[in-house]
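Asker: Starting off with a structure, shown below.
Now the structure itself:
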């Protein structure tokens with residue numbers, strides 16, 4: 001088992017990083033008066049861990065016995081029926097699903113499937129009416145219509161069903177949905193917190209940690225706990241006992257982007273642009289999301305630039321990323337950014353050195 | 001053990017007005033409605049207003065149901081009232097079939113079971129602004145034929161409600177449809193009324209709210225009563241019965257002023273790397289960028305040491321960025337862009353690179 005899963009805190013009491021949030025959530029549940037919740041925060045900050053721990057707190061250990069179900073729903077949409085395939089993760093008490101998987105048909109999921117699930121009210125052994133929890137991931141990726149549909153569902157079935165929404169940025173969730181939930185912000189753990197977690201894992205595994213080693217991993221992790229733990233485990237596999245100056249392997253795609261960045265800075269010509277295109281294609285084929293490629297590329301380029309150029313370059317990065325969102329083919333926009341950068345940089349070089 | 005529900009009801013639902021006269025402070029509307037009742041003739045009605053006063057939307061179906069506002073016998077409710085909202089599919093097809101079929105059957109009047117049952121049906125279309133234009137057009141036409149024959153003249157009546165961001169929701173209702181309806185505009189609640197309502201809830205729930213917290217609540221909820229109540233409930237659940245203004249800020253998702261100020265200070269400093277670090281921090285702390293923008297906007301407009309021209313330039317960028325965010329652009333890049341422009345404007349750096357072209 002990966003350490004990331006092995007050392008995932010199972011209950012709210014064992015949470016190390018977001019102790020205050022966990023305590024508040026616990027209070028929330030003990031009053032048995034749970035509102036709809038919206039968790040938001042950057043990736044790797046522990047949203048999912050908290051949600052799972054919360055469910056356990058609510059329903060006891062049986063909430064962890066989940067089974068994966070792949071079901072095809074037939075949705076009647078007026079003139080035709082639409083088949084929607086949806087993977088859900090369900091226990092007796094909760095259902096977890098990813099409504100944005102359905103792409104542009106997400107509206108039907110919200111209108112039909114979630115409504116259907118929300119309507120059914122579970123009854124516990126004592127014959128009391130319980131409530132069901134629906135965990136919806138990536139609500140920020142839902143279309144506007146789907147979010148509109150969600151708002152009424154949330155009100156209408158609030159007696160029998162609680163929604164736990166989970167997303168990266170709450171800007172993309174409409175106001176109407178946000179105002180119906182208790183918003184819980186999960187920030188990325190600080191480097192000290194990451195160090196604390198790594199040391200905890202090290203102790204459990206019986207590892208000798210040279211001083212400063214955990215801090216270095218934390219620094220490289222960009223404040224993502226998941227990444228830090230994965231990197232830690234990789235280091236363990238590569239070399240043990242640790243030495244304090246052991247190299248922490250970077251992600252290979254990041255290496256690759258940094259290579260692209262130095263290529264671009266070295267030479268600005270159509271020929272180089274062509275080569276860069278090949279490399280970017282390589283990244284996209286390996287399923288690195290285009291916006292992450294662009295962001296990383298900007299990050300690498302900014303390291304190599306003078307202050308006045310930085311402003312200009314980050315403006316164009318934002319500009320092309322926005323266009324990428326509106327358009328269809330990401331490669332065009334990344335390439336446009338690269339070309340734009342080349343032209344700015346070349347102009348700068350000519351102006352400075354003649 | 002599965003949880004037992006005692007007071008699992010959302011406060012928003014719990015304290016929703018139950019009777020027409022309780023409807024929070026929309027006097028004219030209430031008067032007209034009451035009149036309508038007494039005379040027994042009911043025009044098509046269109047309710048609209050900012051989302052703040054949502055109390056009203058559901059009031060309408062509650063009106064029918066709970067208060068017997070329209071004096072329909074409970075058993076007849078199903079056959080007399082059709083309610084559709086955005087969680088139902090409401091394409092043109094539904095209008096053509098479901099609504100039309102429902103409306104086509106005329107009902108008689110007559111007192112049944114002690115209720116003066118009005119001789120028409122009611123169709124409630126909630127959140128009509130999210131209906132497609134086609135559907136609205138066909139809605140309008142489907143209203144016409146039944147109006148032509150005198151005997152079925154009053155056979156049904158639409159109640160259309162439209163919620164949405166302020167008045168633009170109204171403009172999403174197409175003109176010909178709007179002109180067929182009696183329009184009721186619900187105004188945003190004034191601060192006194194909100195405070196009164198909030199205090200009422202506090203009393204009912206046994207909460208302790210000091211005056212500072214109260215003013216914080218009204219400022220963070222921006223006149224939106226539902227939001228205020230939701231925050232209040234959230235804070236009450238998390239922090240117990242005595243609530244301070246800090247607790248309210250932490251549940252509301254408003255960004256603490258220090259964070260905004262430190263970003264602003266970084267922009268003033270003029271060093272790109274410091275700004276970048278600050279932006280990164282905002283993102284990693286998980287603050288929503290749209291919220292950041294609006295708070296940054298307040299800081300910039302309120303600042304005394306910035307010239308009007310500088311303010312204008314920054315605000316222009318803020319507006320553009322807001323649009324980009326709505327389109328789904330990446331938060332980090334957009335905020336960085338804003339911060340970079342702000343830096344350049346504040347430090348009087350040129351916005352365009354001079355050696356270009």
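Chains as they are written, first to last, in full-length UniProt numbering: chain U, 1 to 354; chain P, 1 to 357.
We put the beta carbon where it would ideally sit given N, CA and C, even for glycine.
1) Determine whether the Cβ of residue 9(U) lies closer than 8 Å to any Cβ atom of chain P.
2) Hey, does residue 346(P) have any beta-carbon neighbour from chain U nearer than 8 Å?
3) Is it true that the CB of residue 218(U) sits closer than 8 Å to the CB of residue 42(U)?
4) In the DSSP assignment, what residue or residues form a beta bridge with residue 89(U)?
5) When you compare only the Cα positions, how much space is there between residue 145(P) and residue 76(U)?
6) Out of curiosity, what's the CA-to-CA distance linking residue 4(U) and residue 229(U)?
7) So is residue 26(U) in contact with chain P if we call contact Cβ pairs under 8 Å?
8) Does any residue of chain P bring its CB to less than 8 Å from the CB of residue 186(U)?
9) Fully enclosed by the segment 287-316 of chain U, which beta strand (DSSP E) runs are 3 residues long or longer?
10) Is DSSP giving residue 173(U) helix, strand or coil here?
11) Please list the residues of the segment 228-251 of chain P that have a C-beta atom closer than 7 Å to any C-beta atom in chain U, keeping them in chain order.
12) Quick one: list the residues of chain U neighbouring residue 267(P), beta-carbon separation under 8 Å, in chain order.
13) Would residue 197(P) count as contacting chain U if we go by Cβ distances under 8 Å?
14) Going by Cα to Cα distance, which pick from 138(U), 63(U), 143(U) and 17(U) is closest to residue 166(U)?
15) Measure from the C-beta of residue 290(U) to each C-beta in chain P and report whether the shortest distance is under 8 Å.
16) How about the segment 286-296 of chain P and the segment 171-178 of chain U: do they share at least three Cβ pairs that are nearer than 8 Å?
17) Listing by chain order, which chain U residues have their CB less than 9 Å from the CB of residue 324(P)?
18) Could you name the residues that DSSP lists as bridge partners for residue 3(U)?
19) Quick one: using the 10 Å Cβ neighbour count with 16 as the cut-off for buried, is residue 234(P) buried or exposed?
20) Leaving out five residues before and five after residue 45(U) in sequence, what residues of the same chain have Cβ atoms less than 6 Å from its Cβ?
21) Just list the residues that DSSP pairs residue 39(U) with in beta bridges.
22) Beta-carbon separation of residue 282(P) and residue 335(P) under 8 Å?
23) Kindly list the residues whose CB is nearer than 7 Å to the CB of residue 274(P), restricted to its own chain and excluding five residues on each side of it in sequence; keep chain order.
24) Could you tell me which of 181(U), 203(U) and 347(U) sits nearest to residue 232(P), measuring between CA atoms?
25) Just list the residues that DSSP pairs residue 242(P) with in beta bridges.
26) Identify which residue in 257(U), 293(U) and 201(U) has its Cα closest to the Cα of residue 16(U).
27) How about residue 314(U): is its C-beta nearer than 8 Å to some C-beta of chain P?
28) Return the residues of the segment 170-184 of chain U that lie within a Cβ-Cβ distance of less than 9 Å from chain P, sorted by chain order.
29) Consult DSSP for residue 161(U) and reduce its assignment to one of helix, strand or coil.
30) So, helix, strand or coil for residue 148(P), using DSSP?
Answerer: According to the structure shown:
1) no
2) no
3) no
4) 68(U) and 96(U)
5) Low local confidence applies: a pLDDT of 42 at residue 145(P) is under 50, so the model's placement there is unreliable, with the coordinate-based value given in what follows. If I take the Cα positions, the gap works out to 29 Å.
6) 6 Å
7) no
8) yes
9) none
10) coil
11) 230, 233, 234, 237, 238 and 251
12) Those within 8 Å of residue 267(P) in chain U number zero; the least Cβ separation is about 11 Å.
13) no
14) 138(U)
15) no
16) yes
17) 318, 319, 321, 322 and 325
18) Partner(s): none; residue 3(U) has no beta bridge.
19) buried
20) 186 and 188
21) 166(U) and 184(U)
22) yes
23) 266
24) 181(U)
25) 208(P)
26) 201(U)
27) yes
28) 170, 171, 172, 173, 175, 176, 178, 179, 180, 181, 182, 183 and 184
29) strand
30) Residue placement at residue 148(P) cannot be trusted, given a pLDDT of 35 that sits under 50; what the coordinates show is reported in the next sentence. Three-state result, residue 148(P): helix.
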